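In order, the protein sequences belong to chains A and B. End of the first sequence sits at 496 in our numbering; the numbers just go up one at a time, nothing left out. End of the second sequence sits at 269 in our numbering; the numbers just go up one at a time, nothing left out. Beta carbons: idealized from backbone N, C-alpha and C, even for Gly. Since we're looking at a predicted model, the values are computed, not measured.
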Amino acid sequence: MGIIGASMFLGLFYLNLYWSYEEESIPKLSSNPPVSIIMPAYNESGKVKESLRSALEIDYPVDIIFVDDGSTDDTLQKARKFSENRNLTIIEHGENQGKAGALNTALERVETDYVVVQDADSAIGSDLIEKSLAKLEANSDLAAVIGSIQNFESDTMMRKLQRVQYQMTNFYRSLMASIGTLDVTPGAFSMYRTEDVKGVGGFDEGNPTEDLEMAWRLRKSGKDLDMVFSSESRTEFPESFKGLFHQRVRWKRGSIVNLIKHREMFFNKDYSWFGRLQLPLHAASPLLAATSLLLVFVGLSEVVYNAIVYYSATGFTFPALNSINWMRLLLSVQYKIYVPLGLGMIVSAIMIKTAYKEGGKNFRNPKAVFIYFMWFFAFQGFFTLSAIIKEMLQTKRIWT
Amino acid sequence: MDLIKESLLKSAAVTALVLLVGILVGLQADDAREGYIEGQLRESNLQTQTFIVTQNYLEGSGINYCSIVEDRIPDISSENREIGQNLQSFSSKSISNEKEYTNLRREYYLSQLRLYNVISEYKNRCNQDTKLIFFFFDSSTESKRQGAALSKYYKEVDNSTYIFSYNLETKNSEILDMLKTDFEVQNGPAIVVNGNQTYRRYVPYGQLPEAINGTLE
Chain A
97 MGIIGASMFL GLFYLNLYWS YEEESIPKLS SNPPVSIIMP AYNESGKVKE
147 SLRSALEIDY PVDIIFVDDG STDDTLQKAR KFSENRNLTI IEHGENQGKA
197 GALNTALERV ETDYVVVQDA DSAIGSDLIE KSLAKLEANS DLAAVIGSIQ
247 NFESDTMMRK LQRVQYQMTN FYRSLMASIG TLDVTPGAFS MYRTEDVKGV
297 GGFDEGNPTE DLEMAWRLRK SGKDLDMVFS SESRTEFPES FKGLFHQRVR
347 WKRGSIVNLI KHREMFFNKD YSWFGRLQLP LHAASPLLAA TSLLLVFVGL
397 SEVVYNAIVY YSATGFTFPA LNSINWMRLL LSVQYKIYVP LGLGMIVSAI
447 MIKTAYKEGG KNFRNPKAVF IYFMWFFAFQ GFFTLSAIIK EMLQTKRIWT
Chain B
53 MDLIKESLLK SAAVTALVLL VGILVGLQAD DAREGYIEGQ LRESNLQTQT
103 FIVTQNYLEG SGINYCSIVE DRIPDISSEN REIGQNLQSF SSKSISNEKE
153 YTNLRREYYL SQLRLYNVIS EYKNRCNQDT KLIFFFFDSS TESKRQGAAL
203 SKYYKEVDNS TYIFSYNLET KNSEILDMLK TDFEVQNGPA IVVNGNQTYR
253 RYVPYGQLPE AINGTLE
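Here you go:
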């Protein structure tokens with residue numbers, strides 16, 4: 097009941113924020129300050145051309161600094177094909193230094209007031225640049241603006257599921273931005289004020305989620321983060337469960353590392369609602385999913401155990417419908433659990449519908465939406481438990 | 053009040069309300085379960101009383117007592133079995149009524165013993181081969197398996213068999229204590245056939261016909 101109550105509380109909290117919040121319009125951009133795009137790459141052969149092409153085609157004055165972080169595939173060769181562009185600088189790391197290392201190498205070369213981080217498996221557009229700049233120019237308290245994230249292809253069920261999840265993530269992030277608790281500056285697209293990023297010492301090398309860590313450090317320095325919706329920020333989602341597992345476990349491990357690193361911010365009034373609300377939620381949400389997964393596992397195990405006990409004694413036969421005592425079945429329902437669970441699912445369904453509406457999307461794949469609705473928490477729980485185990489065993493963290 | 057505080061308070065209030073509704077519906081369901089079992093027990097008692105009265109009334113008459121009561125046995129047996137299963141199933145779902153279920157169980161055990169006596173009387177008087185089985189169980193896996201095997205036996209082999217189930221973990225039941233002492237049963241599963249053959253172990257489904265007919269070693 098506690099888990100159902102906590103999930104419902106969070107859903108209602110965000111819905112109430114959505115219903116109460118009046119969105120501010122994005123101010124007009126009065127000048128065109130130059131922008132640098134830094135693009136770290138490690139074995140991104142599949143998407144690097146598309147990423148570089150999207151950056152080079154932006155209808156805005158940008159310098160692009162591409163860092164190949166010791167790729168072992170033909171990422172660098174593919175990037176070199178664009179080297180005739182005068183606004184593109186290619187830097188080679190002989191050895192892999194990790195994503196934050198590559199970002200810092202590029203950051204040293206940045207001379208513009210604003211810098212965009214764009215992953216080498218992502219694509220962006222000029223609308224996104226202009227909207228983000230307008231926000232940064234209008235508010236000097238802002239250190240960074242992130243974009244909503246879309247996917248390139250939805251060809252596998254895993255990608256379809258992630259598409260649904262990102263609809264929700266974009267929705268949550270926009271609400272978090274509206275109350276000043278946004279907690280991440282994703283690598284797919286984030287525009288920073290250069291002096292703020294340099295002011296906090298650049299990216300944390302060796303950190304498994306340098307984007308999360310950077311956002312928290314900017315918060316710590318008293319800066320705010322914001323978000324814009326745009327259809328022009330796209331990234332490649334893992335196509336299989338294995339790929340998703342590696343990516344999400346790395347993210348979860350990054351969360352653990354950063355929660356420990358920045359533990360003094362927890363419930364700390366100096367960091368306003370970010371410290372008092374967002375960080376505790378950031379820690380609690382995956383644990384909630386992991387606990388739910390364990391409870392479902394225990395419940396299913398009990399059902400399987402009872403079935404084994406029953407059928408081992410009697411031999412297997414399909415129960416005839418007319419042998420089921422429906423009155424006993426109806427009276428055996430745990431209403432104290434299932435009534436709040438049913439209402440909680442209604443809240444979740446409203447959340448999904450609202451997120452799609454806010455993101456300007458239609459339900460294109462009801463099967464993926466249904467699977468996400470019923471089972472994605474189990475994925476999250478599994479990734480969290482795996483991350484906790486890997487972190488306890490101190491296994492190697494890999495930049496995937 | 054700022055938007056975050058307001059949202060936190062509102063969502064906390066609505067969540068508390070929803071959980072409260074869940075608890076209230078759960079309590080109502082508890083009452084409905086108890087009411088259902090009480091109704092079944094009342095009906096069972098009424099049938100037992102009818103049995104007794106019929107027995108007494110027909111004592112000296114020329115009407116064939118045996119043919120009259122014979123038809124009722126499968127129904128009474130089935131209802132009696134169902135009450136036991138409902139008690140077992142519902143008591144684990146109860147939010148707050150542990151004591152109520154203990155009392156219902158005591159009442160059920162009393163009703164069962166009364167029924168056992170009545171059917172024993174019928175069995176002797178009409179020279180019938182009706183099987184009366186005491187089934188003692190606890191929370192062990194073997195007890196669960198024995199329960200499943202007996203259920204299947206009743207459904208698929210002989211539905212005129214009477215199965216009187218007793219949970220050995222029930223406290224404060226004089227009837228149960230008496231039966232435990234009488235048949236020297238401490239742990240489940242154990243079955244007693246016609247009051248004279250006791251198996252203090254799990255009897256597999258395949259061996260039940262022999263056990264019930266008294267030919268099992």
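Among the options, which has the Cα closest to the Cα of residue i?
i, options, result
"phenylalanine 186 of chain B", "B:Ser172, B:Asn176, B:Asn179 and B:Arg177", "B:Ser172"
"leucine 271 of chain A", "A:Gln374, A:His189, A:Arg359 and A:Gln490", "A:Gln374"
"lysine 319 of chain A", "A:Thr305, A:Lys348, A:Gly276 and A:Asp307", "A:Gly276"
"asparagine 246 of chain B", "B:Thr213, B:Ser212, B:Lys183 and B:Lys223", "B:Lys183"
"aspartate 155 of chain A", "A:Met488, A:Arg269, A:Ile225 and A:Lys348", "A:Ile225"
"leucine 257 of chain A", "A:Leu489, A:Lys486 and A:Phe473", "A:Phe473"
"tryptophan 471 of chain A", "A:Lys432, A:Val392 and A:Pro282", "A:Val392"
"alanine 230 of chain A", "A:Leu184, A:Ser351, A:Gly295 and A:Ser127", "A:Ser127"
"proline 157 of chain A", "A:Glu188, A:Tyr110 and A:Ser222", "A:Ser222"
For residue i, return the contacting residues in chain A, with the cut-off set at a CB-CB distance below 8 Å.
i, result
"threonine 193 of chain B", "Val405"
Would you kindly work out how many angstroms separate the C-alpha atoms of residue i and residue j, rounded to a whole number?
i, j, result
"leucine 93 of chain B", "phenylalanine 142 of chain B", "14 Å"
"phenylalanine 362 of chain A", "tryptophan 312 of chain A", "11 Å"
"leucine 439 of chain A", "asparagine 461 of chain A", "24 Å"
"leucine 69 of chain B", "asparagine 235 of chain A", "41 Å"
"methionine 423 of chain A", "lysine 338 of chain A", "45 Å"
"methionine 310 of chain A", "arginine 289 of chain A", "12 Å"
"glycine 297 of chain A", "glutamine 430 of chain A", "55 Å"
"lysine 174 of chain A", "glutamate 207 of chain A", "26 Å"
"leucine 165 of chain B", "lysine 232 of chain B", "13 Å"
"tryptophan 369 of chain A", "alanine 200 of chain B", "56 Å"
"glutamate 131 of chain B", "serine 96 of chain B", "7 Å"
"glutamate 301 of chain A", "isoleucine 484 of chain A", "21 Å"
"alanine 451 of chain A", "tyrosine 268 of chain A", "8 Å"
"lysine 365 of chain A", "leucine 278 of chain A", "16 Å"
"glycine 477 of chain A", "phenylalanine 341 of chain A", "11 Å"
"phenylalanine 105 of chain A", "threonine 265 of chain A", "17 Å"
"proline 282 of chain A", "proline 436 of chain A", "35 Å"
"lysine 153 of chain A", "lysine 145 of chain A", "Checking the sequence, you will find glutamate at residue 153 of chain A rather than lysine. Roughly 12 Å between the two C-alpha positions."
What does residue i reach in chain B if we use C-beta pairs closer than 8 Å?
i, result
"glutamine 430 of chain A", "Gly78 and Lys145"
"threonine 387 of chain A", "Within 8 Å Cβ-Cβ: nothing; threonine 387 of chain A doesn't reach chain B, min ~17 Å."
"serine 116 of chain A", "Leu55, Glu58 and Ser59"
"alanine 196 of chain A", "Result: empty, since nearest Cβ-Cβ is about 32 Å, beyond 8 Å."
"methionine 97 of chain A", "Leu71 and Gly74"
For the alpha helix (DSSP H) holding residue i, just list the boundary residues, first then last.
i, result
"serine 327 of chain A", "Taken as a continuous stretch (DSSP letters only), serine 327 of chain A belongs to no alpha helix (DSSP H), as it is neither H nor E."
"alanine 81 of chain B", "55-109"
"glycine 243 of chain A", "First-last for glycine 243 of chain A: 238-243, but that is the beta strand (DSSP E), not the alpha helix (DSSP H)."
"glycine 484 of chain A", "One detail in the question is off: residue 484 of chain A reads as isoleucine in this sequence, not glycine. Here the alpha helix (DSSP H) through isoleucine 484 of chain A covers 462-489."
"alanine 99 of chain A", "Here residue 99 of chain A turns out to be isoleucine, not alanine, going by the sequence shown. Looking at the DSSP string, the run of the alpha helix (DSSP H) that includes isoleucine 99 of chain A is 98-116."
Mind pulling the chain A residues with CB within less than 7 Å of residue i?
i, result
"arginine 85 of chain B", "Leu427"
"serine 63 of chain B", "Phe105, Leu108, Phe109 and Asn112"
"threonine 154 of chain B", "Those within 7 Å of threonine 154 of chain B in chain A number zero; the least Cβ separation is about 19 Å."
"alanine 242 of chain B", "Per Cβ cutoff of 7 Å: no residues; alanine 242 of chain B is ~16 Å from chain A at best."
"arginine 197 of chain B", "Val405, Ser408 and Ala409"
Need the endpoints of the beta strand (DSSP E) that residue i sits in, please.
i, result
"proline 136 of chain A", "131-137"
"glutamate 188 of chain A", "184-189"
"glutamine 249 of chain B", "249-251"
"phenylalanine 187 of chain B", "184-189"
"glycine 371 of chain A", "No beta strand (DSSP E) contains glycine 371 of chain A, which DSSP labels as neither H nor E."
"isoleucine 243 of chain B", "242-245"
"aspartate 510 of chain A", "Since the first and last residues shown for chain A are 97 and 496, residue 510 of chain A lies out of range."
"arginine 289 of chain A", "286-289"
"serine 217 of chain B", "214-219"
Under 7 Å between beta-carbons, which chain B residues line up against residue i? List them in chain order, please.
i, result
"valine 435 of chain A", "Val73, Gly74 and Val77"
"glycine 101 of chain A", "Thr67 and Leu71"
Using a Cβ-based criterion (distance less than 7 Å to any ligand heavy atom), does residue i qualify as near the ligand COA?
i, result
"aspartate 155 of chain A", "No copy of the ligand COA occurs in the structure displayed, which carries no ligand at all."
Who are the neighbours of residue i on chain B, taking C-beta pairs under 9 Å?
i, result
"isoleucine 154 of chain A", "Correct list: empty, because the minimum Cβ distance to chain B is about 36 Å."
"threonine 480 of chain A", "Those do not exist, as threonine 480 of chain A stays about 23 Å from chain B at its closest Cβ, beyond 9 Å."
For residue i, which residues in chain A fall below 9 Å Cβ to Cβ?
i, result
"threonine 141 of chain B", "One point to set straight first is that residue 141 of chain B is serine, not threonine, in the sequence displayed. Those within 9 Å of serine 141 of chain B in chain A are Arg424, Leu427 and Ser428."
| request: Pair every Cβ in the region 249-265 of chain A with every Cβ in the region 180-193 of chain A, then say whether three or more of these pairs are closer than 8 Å. | output: Too few Cβ pairs lie closer than 8 Å, so no.
| field | Given 8 Å, three or more beta-carbon pairs between the region 216-226 of chain A and the region 191-207 of chain A | value | No, because fewer than three Cβ pairs between the region 216-226 of chain A and the region 191-207 of chain A fall closer than 8 Å, the two stretches do not touch.
| Is the number of C-beta pairs between the region 379-399 of chain A and the region 324-342 of chain A that are closer than 8 Å three or more? | Flag = no, the region 379-399 of chain A and the region 324-342 of chain A do not touch.
| field | Validate contact between the region 186-194 of chain A and the region 160-171 of chain A using beta carbons, cut 8 Å, 3 pairs | value | Counting Cβ pairs under 8 Å, three or more are found: they touch.
| query | Using 8 Å as the threshold, is the region 65-81 of chain B in touch with the region 94-109 of chain B, meaning 3 or more CB pairs across them? | reply | Segments in contact, no.
| task | Pair every Cβ in the region 192-199 of chain B with every Cβ in the region 118-127 of chain B, then say whether three or more of these pairs are closer than 8 Å. | result | At 8 Å Cβ cutoff, the stretches do not touch.
| query | So, do the region 257-267 of chain A and the region 444-464 of chain A have three or more beta carbon pairs nearer to each other than 8 Å? | reply | Touching, per the Cβ criterion.
| request: Could you say if the region 53-68 of chain B and the region 400-413 of chain A meet the contact criterion of at least three C-beta pairs nearer than 8 Å? | output: By the C-beta criterion, the region 53-68 of chain B is judged not to be in contact with the region 400-413 of chain A, since fewer than 3 inter-stretch pairs fall below 8 Å.
| Are three or more beta carbon pairs between the region 116-125 of chain B and the region 151-169 of chain B nearer than 8 Å? | As far as the Cβ criterion goes, the region 116-125 of chain B does not touch the region 151-169 of chain B, which means the pair count is below three.
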